[in-house]
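> These protein sequences, in sequence, are chains A and B.
Start counting the first sequence at 1; every next residue gets the next number (the UniProt record's numbering).
Start counting the second sequence at 1; every next residue gets the next number (the UniProt record's numbering).
Have a look at this one.
Protein chains: 2
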Amino acid sequence: MDELATEKEAEESHRQDSVNLLTFILLLTLTILTIWLFKHRRVRFLHETGLAMIYGLLVGVILRYGIPATSYHNKTPPSCSLKEGPVSTLLLNVSGKFFEYTLKGEINSREIHNVEQNDMLRKVTFDPEVFFNILLPPIIFHAGYSLKKRHFFRNLGSIITYAFLGTAISCFVIGNLMYGVVKLMQVVGQLTDKFYYTDCLFFGAIISATDPVTVLAIFNELHADVDLYALLFGESVMNDAVAIVLSSSIVAYQPSGANTHMFDASAFFKSVGVFLGIFSGSFAMGAVTGVVTFTKLHCFPLLETALFFLMSWSTFLLAEACGFTGVVAVLFCGITQAHYTYNNLSEESTKRTKQLFEVLHFLAENFIFSYMGLALFTFQNHIFSPIFIVGAFIAIFIGRASNIYPLSFLLNLGRRHKIKGNFQHMMMFAGLRGAMAFALAIRDTATYARQMMFTTTLLIVFFTVWVFGGGTTPMLSWLHIRVGVDPDQDPHKTKQESAWLFRLWYTFDHNYLKPILTHSGPPLTTTLPSCCGPLARCLTSPQAYENHEQLRDHDSDLILNDGDLTLTYGDTAITANGASGGSGADAPGGSGWSVNGKRSGSTSEEALERELDSREQELLSRGTRLVFPIEDHV
Amino acid sequence: MDELATEKEAEESHRQDSVNLLTFILLLTLTILTIWLFKHRRVRFLHETGLAMIYGLLVGVILRYGIPATSYHNKTPPSCSLKEGPVSTLLLNVSGKFFEYTLKGEINSREIHNVEQNDMLRKVTFDPEVFFNILLPPIIFHAGYSLKKRHFFRNLGSIITYAFLGTAISCFVIGNLMYGVVKLMQVVGQLTDKFYYTDCLFFGAIISATDPVTVLAIFNELHADVDLYALLFGESVMNDAVAIVLSSSIVAYQPSGANTHMFDASAFFKSVGVFLGIFSGSFAMGAVTGVVTFTKLHCFPLLETALFFLMSWSTFLLAEACGFTGVVAVLFCGITQAHYTYNNLSEESTKRTKQLFEVLHFLAENFIFSYMGLALFTFQNHIFSPIFIVGAFIAIFIGRASNIYPLSFLLNLGRRHKIKGNFQHMMMFAGLRGAMAFALAIRDTATYARQMMFTTTLLIVFFTVWVFGGGTTPMLSWLHIRVGVDPDQDPHKTKQESAWLFRLWYTFDHNYLKPILTHSGPPLTTTLPSCCGPLARCLTSPQAYENHEQLRDHDSDLILNDGDLTLTYGDTAITANGASGGSGADAPGGSGWSVNGKRSGSTSEEALERELDSREQELLSRGTRLVFPIEDHV
């Protein structure tokens, strides 16, 4: 009979799990249906993520107040004492039978009574690791994978400045302001538990990750200025990575200064070291895995897509297994894959992978936002502190301002195409907080400080997504930002920000990396000096000779930016094609091309740019294929 | 310091988890690369699933013998005693701090020492529920979703006979034979623990689920006879559902006969009741959800795909929440969605959903098979009993034979197009066991009997997949089964098995269900009697009038099978079109069409079939669009 009771309980628990998941799925379904309605009627004031939160809130209210506490589970769980520390596996001996238990986590002494309170509410609370290990990776990967925009690369310098320097500034400004707020709370007597300086810095780190998904969706729909789009999108993608590494290095900073929790120079430098180590490690790992994934499984799109999916996921796991940050690795893996691997996929597979990650990203994002809405009512350890909340709202405003305005001023000193005032205001306005801030906040809600942070983060996300997200369209017109821009027709098309460093890298990438790693780009035999002929022929994919005409649009996007390279490529391509009509890949031809390439490369850059400005317009209108009139040759 | 140690252990455990998952992903990656190589070189003797098993075996050997037991975890977990029964949540009090533990399962007293042995091997052992709740649903759904073949519907009667009656016969034959084997083992003294009659029946149920995925892949590639393909595929899809419900009703049978574990008429009928209840409940739930998912979100393929995915998953969860079998519900949901919802999706979404489920199915299937290979070495409680294994091989042979040959004989009495001898031999040969048998066997490995079954099932899967799977091509030529058949050109095209029951249902489905549930099919105004005019107009989608020319190929496939309906539809379409050229949907026209439909319906069936035989050839060659010469009318 005892066995039967256990079985019944297990069955009941399984059923409860199904019901909980079902709740979320129905929430998502409802969200999708409403989004469709909104898109159909062109409603723009509420984005799908905002909508998901509202539905989540409603269901949260129902779960909290609408359903009577189930009596079945309303008994205090039995406890048992041990002298040793907590272990991951525990055996329970019930009259000779052994049962295995696994550690779920520490419970606050205050919460022990909660355990018995309402099992239902506790059940809909997910393990925070789910967010990090299952929901964030597809979102971040998709962001990296869809980043491949020439406007992004053109603004790379500014984006990196905002993301790295800006996020660090924002983190420290917010951290210090919040420390002031905490001191004030102490004076007023609103603080009932410990709240350290490092906690404030941690809050600064988690709340500095912006997520302007709502704003960007509207930008996309209205075809707002592409440079502004690139700046915002690039910043938000990169600062997620910065925030996650920043927060974990602040946590690493804590133990050594456990007694003071105040500023300590050596611990600070250790944190900086941890930051640099984790970040560069994750970056390198992501980039390397992204590059390694170069598939040649043409003709079998299913295999290609599956392989692609597995490799991205294995990047995440590999980074986690090595102690790096999987999410950051996945981001750079996505960027690298979009840049290199994408060119190796068959036409069919590029579509498939894009759609696959699109669906995964869509589901994960909406799930997180609806869970946020739900968490406001079902999470059991909220600490609402009005002073802290108001202080946080002011602090994030000041933090964002001290990121955008000073850095824009500095960047404008170096930029040929300045970031105008209205762009700066828009970037200020688009500082929404989203999935990453939430995931970082929910990761650890064990202490008083963390619980207060979690509650505040939740409210900040709600407010920014609804108010700033909803106000995007009016703001755009108020700031006189152009909409309805065709990305290919914007006036500042060329050479704006192709700084020498970027240009150098780009030349290297285009002439050497792309040919080695992908089937696209010029054959290596054309770009390497003639002495490396045999090596070049060995490394060049046979398709590189054949597939000239298949040079993809996104490639040409980049190439058109840089007239110098267009010419190199153009020359090469035509010659290569002429030769391949004969024997495919012959050594004399190879050395001949490289001379060609060099000649054009040595021409004065400025002169070329002037010449190409007009040529480019022509190329654009005729499309890439006409640059290489292969049909005439073959 | 204690806290730090715990944190370190948690981190170590997280890292270990990542490494384990990474192992599987690398296994899958390796499998994909090798499959590609095989496909490239047209190797047919080893299918991807067989390959995945081999790689799994290799990794299992390495894990078992290659890696020294990690010393970190090599301590016996502490145990603690309680008087009450096992509970799902346990609190552990370690010097004032509380930790929450969740129940993982019962541990055999023999295994307590295993717990301390090798943590690594235990870690790569997944929770069996993962197979049921995560890996099987996409496989089964995909099977249901890709079932939409006219050859399937044409052979529906035979397929259902093999799947239901055949699986039940096989289950009882195997169960009884195995009971004899067990008795023999008792006599010889090879049996060291209890092994009941119900255990034997349970073994019969789990091992009766066939999975000829290898055979079908080769059929597909060689274009073998389509009817044989339909019979095999249909049987294997359906008997998975039968086996899962059968095994759970045998488990339900156990408690009431707990003392005897022998045959008991009342308990038997109770089991039959449970079987019918669960099966019909799951069937109804799947069918209803499949039908309900009729989306109208055209223009937003992403939303459509996401919704489609969510609805299929929610079917699974809903069924589980209601105590039915999620896997069975998902199967029928897939079949229904393919039949109805598919027609409502936009062109883009049909592709997307197909590809999405294809990838999921591919990954899940290969994961299960590679896990099987791994489990042979890493699973710690194998019981290899030579007598039981040899007995099982003989029993499944006899069980399969007593399913196929007698039922084929009976079916041939009623079939116009007989199932020939060589087809029967091929069906006999194609009785491979796969994912479902494994998932059912691993679900519960607590007792001695179940562990022996698990080991035997694993060996049967290995043997059948490698030997029967690899021998498919020689077997096909040995049995003189035609290959290279164009499915549209096979000689027995019409009226073979359109039994009156099926015909009746089909007419109902085509004339009423399809128009109500999808945008395709004839407008309801044409099929309902004239008195229902207003209702018909209200239920008919406006697209039904417009989209006549979009009648999809798979629809026409079915229609062409059934001359009677083709004519009805043909008339209707042309008339409808003529009318819609005028005012779109007017009542008098509606009644006129229904008269038309009725007239052709009342013509003698035999005469029509003769007439249509020649007409059909013409239709086939001209394609569906020409049946409705809409261009001429509009």
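For glycine and all other residues, C-beta sits at the position ideal for the given N, C-alpha and C.
Note that this is a predicted model, so its numbers are computed, not measured.
Taking the beta carbon of residue 643 (chain A) as the centre, do at least 16 other beta carbons fall within 10 Å, making it buried, or is it exposed?
With chain A running from 1 to 634 in the structure shown, residue 643 (chain A) is simply not present.
> By DSSP, does cysteine 299 (chain B) sit in helix, in strand, or in coil?
Locating residue 299 (chain B) in the second sequence gives position 299, where the first residue counts as 1. Three-state DSSP puts cysteine 299 (chain B) in coil, outside helix and strand.
> Among B:Gly157, B:Gly323, B:Leu356, whose alpha-carbon lies nearest the alpha-carbon of threonine 305 (chain B)?
Numbered from its first residue, the second sequence carries residue 305 (chain B) at position 305. Answer by Cα proximity: B:Leu356.
> Looking only at its own chain, which residues have a Cβ that is under 7 Å from the Cβ of phenylalanine 388 (chain B), when we skip the five neighbours before and after it?
Counting from one through the second sequence, the residue named residue 388 (chain B) turns up at place 388. Excluding sequence neighbours, phenylalanine 388 (chain B) sits near Val181, Met185, Met452, Thr456.
> On the three-state DSSP scale, how would you describe serine 208 (chain A)?
As a first step, residue 208 (chain A) must be located in the first sequence, where it is residue number 208. Coil.
> What residues in the stretch 303 to 321 of chain A have a beta carbon less than 8 Å from any beta carbon of chain B?
Cβ contacts with chain B: Leu303, Thr305, Ala306, Leu307, Phe309, Leu310, Met311, Trp313, Ser314, Leu317, Leu318, Glu320, Ala321.
> Is the CB of serine 18 (chain A) under 8 Å away from at least one CB in chain B?
For the purposes of this step, residue 18 (chain A) is taken as the residue at position 18 of the first sequence. At least one chain B Cβ lies under 8 Å of serine 18 (chain A).
> Under the rule that 16 or more other beta-carbon atoms within 10 Å means buried, what is tyrosine 65 (chain A), buried or exposed?
Numbered from 1 along the first sequence, position 65 holds the residue referred to as residue 65 (chain A). Its Cβ having fewer than 16 others within 10 Å, tyrosine 65 (chain A) is exposed.
> Please return the same chain residues whose Cβ sits closer than 7 Å to the Cβ of glutamate 11 (chain A), not counting the five positions on each side in sequence.
Position 11 of the first sequence, counted from the first residue, corresponds to residue 11 (chain A). Closer than 7 Å at the Cβ level, and outside the excluded window around glutamate 11 (chain A), lies no residue.
> Which bits of chain B does lysine 39 (chain A) rub up against, with CB to CB less than 7 Å?
Here the question's residue 39 (chain A) lines up with position 39 in the first sequence. Phe300, listed in chain order.
> Just curious, the alpha helix (DSSP H) that serine 370 (chain A) is in, first and last residue?
Looking up residue 370 (chain A) in the first sequence gives position 370. Unbroken alpha helix (DSSP H) run through serine 370 (chain A): 347 to 378.
> Identify the continuous alpha helix (DSSP H) that holds serine 146 (chain A) and give its terminal residues.
Your numbering for residue 146 (chain A) matches position 146 in the first sequence. Element bounds for serine 146 (chain A): n/a, residue is neither H nor E.
> Using only CA atoms, which one of A:Thr445, A:Tyr371, A:Ala364, A:Met372 lies nearest to asparagine 381 (chain A)?
Taking the first sequence and counting its residues from 1, the one referred to as residue 381 (chain A) is at position 381. Looking at the Cα atoms, A:Thr445 is the closest of the given residues.
> In terms of alpha-carbon separation, which member of B:Asp225, B:Thr161, B:Leu191 lies closest to serine 477 (chain B)?
Looking up residue 477 (chain B) in the second sequence gives position 477. Answer by Cα proximity: B:Asp225.
> Could you name the residues of the stretch 24 to 35 of chain A whose beta carbon sits closer than 7 Å to any beta carbon of chain B, in the order they occur along the chain?
Hits within the stretch, in order: Ile25, Leu26, Leu28, Thr29, Ile32, Ile35.
> Indicate the three-state DSSP secondary structure (helix, strand or coil) for arginine 415 (chain B) in the structure shown.
Locating residue 415 (chain B) in the second sequence gives position 415, counting from the first residue. The answer is coil: DSSP assigns arginine 415 (chain B) none of H, G, I, E or B.
> Just grab the DSSP bridge partners of asparagine 93 (chain A) for me.
Mapped onto the first sequence, residue 93 (chain A) falls at position 93. Note: asparagine 93 (chain A) sits in a beta bridge opposite A:Phe98, B:Ser81.
> Comparing C-alpha positions only, which one of A:Ser170, A:His425, A:Ala143, A:Gly431 sits nearest to phenylalanine 362 (chain A)?
Counting from one through the first sequence, the residue named residue 362 (chain A) turns up at place 362. With distances taken between Cα atoms, phenylalanine 362 (chain A) lies closest to A:Ala143.
> Would you please verify whether the beta carbon of valine 359 (chain A) is less than 8 Å from any beta carbon of chain B?
Position 359 of the first sequence holds residue 359 (chain A). It does; some Cβ of chain B falls within 8 Å.
> Taking the alpha-carbon positions, what's the glycine 399 (chain A) to cysteine 171 (chain A) distance?
Locating residue 399 (chain A) in the first sequence gives position 399, counting from the first residue. Locating residue 171 (chain A) in the first sequence gives position 171, counting from the first residue. If I take the Cα positions, the gap works out to 7 Å.
> Could you pull out every residue in the same chain whose Cβ sits closer than 7 Å to the Cβ of glycine 469 (chain B), ignoring the five residues on either side in sequence?
Within the second sequence, the letter at position 469 stands for residue 469 (chain B). Here the set comprises His47, Gly50, Thr214, Val215, Leu432.
> Quick check on DSSP: helix, strand or coil for arginine 154 (chain A)?
In the first sequence, residue 154 (chain A) corresponds to position 154, counting from 1. Reduced to three states, the DSSP call for arginine 154 (chain A) is helix.
> In chain A, which residues lie with their C-beta within 9 Å of the C-beta of arginine 15 (chain B)?
Along the second sequence, read from residue 1 onward, the residue named residue 15 (chain B) stands at position 15. Result: Glu320, Ala321, Cys322, Gly323.
> Considering only the beta carbon of each residue, do asparagine 155 (chain B) and alanine 209 (chain B) sit closer than 8 Å?
As a working note, residue 155 (chain B) is residue 155 in the second sequence. As a working note, residue 209 (chain B) is residue 209 in the second sequence. Result no, Cβ atoms of asparagine 155 (chain B) and alanine 209 (chain B) do not sit closer than 8 Å.
> What is the rounded straight-line gap between the Cα of leucine 567 (chain B) and the Cα of alanine 439 (chain B)?
Position 567 of the second sequence, counted from the first residue, corresponds to residue 567 (chain B). Position 439 of the second sequence, counted from the first residue, corresponds to residue 439 (chain B). Because the pLDDT of leucine 567 (chain B) is 32, which lies under 50, any placement of that residue in the model is unreliable, and the question is left without a value.
> Could you spell out the range, first to last residue, of the alpha helix (DSSP H) harbouring valine 483 (chain B)?
Counting from one through the second sequence, the residue named residue 483 (chain B) turns up at place 483. No alpha helix (DSSP H) holds valine 483 (chain B); DSSP gives it neither H nor E.
> Suppose contacts are defined by Cβ-Cβ distances below 8 Å. Is arginine 90 (chain A) in contact with phenylalanine 377 (chain A) by that definition?
Translated into the one-based positions of the first sequence, residue 90 (chain A) becomes position 90. Translated into the one-based positions of the first sequence, residue 377 (chain A) becomes position 377. Note that residue 90 (chain A) corresponds to leucine in the displayed sequence, not to arginine. Contact: no.
> Under 9 Å Cβ-Cβ, which residues of chain A neighbour asparagine 403 (chain B)?
Locating residue 403 (chain B) in the second sequence gives position 403, counting from the first residue. The premise fails here: asparagine 403 (chain B) is roughly 32 Å from chain A at the closest Cβ pair, so nothing lies under 9 Å.
> At a cut-off of 7 Å, would you count methionine 426 (chain A) as near the ligand HEM, judging by its Cβ distance to the nearest heavy atom?
The ligand content of the structure shown is nil, which means the ligand HEM is not present either.
> Okay, do the stretch 306 to 320 of chain B and the stretch 27 to 45 of chain A touch, 3+ Cβ pairs below 8 Å being the bar?
Cβ pair count under 8 Å is three or more, so yes.
> Go ahead and label asparagine 239 (chain B) buried or exposed: buried means 16 or more other beta carbons lie within 10 angstroms of its beta carbon, across all protein chains shown.
Position 239 of the second sequence, counted from the start, is the residue given in the question as residue 239 (chain B). Per the 10 Å Cβ criterion, buried.
> Using a Cβ cut-off of 7 Å, which residues of the stretch 327 to 360 of chain A contact any Cβ in chain B, in chain order?
Hits within the stretch, in order: Arg352, Gln355, Leu356, Glu358, Val359.
> Going by beta-carbon coordinates alone, are leucine 317 (chain A) and methionine 285 (chain A) separated by less than 8 Å?
As a first step, residue 317 (chain A) must be located in the first sequence, where it is residue number 317. As a first step, residue 285 (chain A) must be located in the first sequence, where it is residue number 285. No, the pair does not count as a contact, with Cβ atoms beyond the cut-off.
> Tell me the rounded alpha-carbon separation between tyrosine 197 (chain A) and glycine 175 (chain A).
If you number the first sequence from 1, residue 197 (chain A) lands on position 197. If you number the first sequence from 1, residue 175 (chain A) lands on position 175. Going by the C-alpha atoms only, they are around 8 Å apart.
> Using a C-beta to C-beta distance shorter than 7 Å, which residues of chain A count as neighbours of serine 81 (chain B)?
Within the second sequence, residue 81 (chain B) is the residue found at index 81, counting from 1. In chain order: Asn93.
> What would DSSP say about alanine 10 (chain B), mapped onto helix, strand or coil?
Residue mapping note: residue 10 (chain B) aligns to position 10 of the second sequence, counting from 1. Alanine 10 (chain B) falls in the helix class under three-state DSSP.
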